[in-house]
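Comments concern the structure below.
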Ligand code: ADP
Ligand code: MG
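Numbering (the numbering used here), first residue to last: 148 to 423.
In structure tokens:
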């Protein structure tokens, strides 16, 4: 990390490139003054956020706090009213979701996107293939088809294992349990090999066993991804998050380590106290 900082004449340590955070090693995504207004309502209001490789960034807050809107702003599903988003040092503000996804940002949606009549493997294979669409426009596609086939299979295989679905490969997706279907959704996102993962309430509707499995899955993904985890399940989020942002009415009221957030009286008054 020494290369990311520089000492001033007074010996003070400062970031060398404070205005270009994307150039700092490990810092993958940044949001600055990100704002979304729906008419008079600021659903997301001047939010700053950094996602780092190898860290799970939890986002919590009561219903209507703006968590899903924030996710949509980062993924390009909604254009911001104000503010900027950078991904790997590149300004992606206003880009459409497909373009952002090709820059290796993956997200899961709260509504399941799986094909229920296909097997778990077939669903993941299709998702892995979708990333190769540009090949369809290549006039020499037939030359690369065999190589592509192997690459796609390898990508799907890796996603299947990472999502802890190795033993469910041939299960018909529609017949899989709720928890397994949520794992499958994540597997399908992983099949596109994202660098950033945005997960909006992956534990929603899960029982204890399913939630524990999902927590294991998330921890397994941590090392190789920069993750944002929007989650209602406080036990889970405090168990996995390295950093927590608390939103209330579109605004960030705290952003700190889980321990510091738990001890924060403002957070307790505004949210945690009410949740427990
Ligand atoms: P959370 O995910 O934290 O529960 P949301 O981001 O879904 O919160 O919503 C934040 C606020 O924005 C809510 O008041 C919600 O009603 C409002 N909102 C969300 N999406 C829209 C939309 N498309 N049009 C108008 N208001 C919206
Ligand atoms: Mg939501």
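Glycine included, C-beta positions come from ideal geometry on N, C-alpha and C. This one's a predicted model, so the numbers in the text were calculated from it and none came from an experiment.
The three-state secondary structure of residue 268, taken from DSSP, is helix. Residue burial is scored here from C-beta neighbours: residue 308 has fewer than 16 other C-beta atoms within 10 angstroms and is therefore classed as exposed.
Taking the C-beta atoms as reference points, residue 338 is found nearer than 8 Å to residue 275. Apart from the 5 residues on each side of it in sequence, residue 189 sits with its Cβ closer than 6 Å to the Cβ of 397 in its chain, given in chain order. When DSSP states are grouped into helix, strand and coil, residue 385 belongs to the helix group. Across the set 241, 392, 171, 213, the C-alpha of 241 shows the shortest separation from the C-alpha of residue 226. One residue after another in chain order, those with a Cβ under 5 Å from a heavy atom of the ligand ADP are 185, 190, 210, 211, 212, 213, 214, 215, 216. Proximity to residue 330 across 311, 345, 375 peaks at 311, based on C-alpha coordinates. For residue 406, the enclosing alpha helix (DSSP H) has its first and last residue at 405-410. Looking at the DSSP output, residue 185 sits in a beta bridge with 188.
Nearest neighbour of residue 231 by Cα position, chosen from 367, 264, 195, turns out to be 195.
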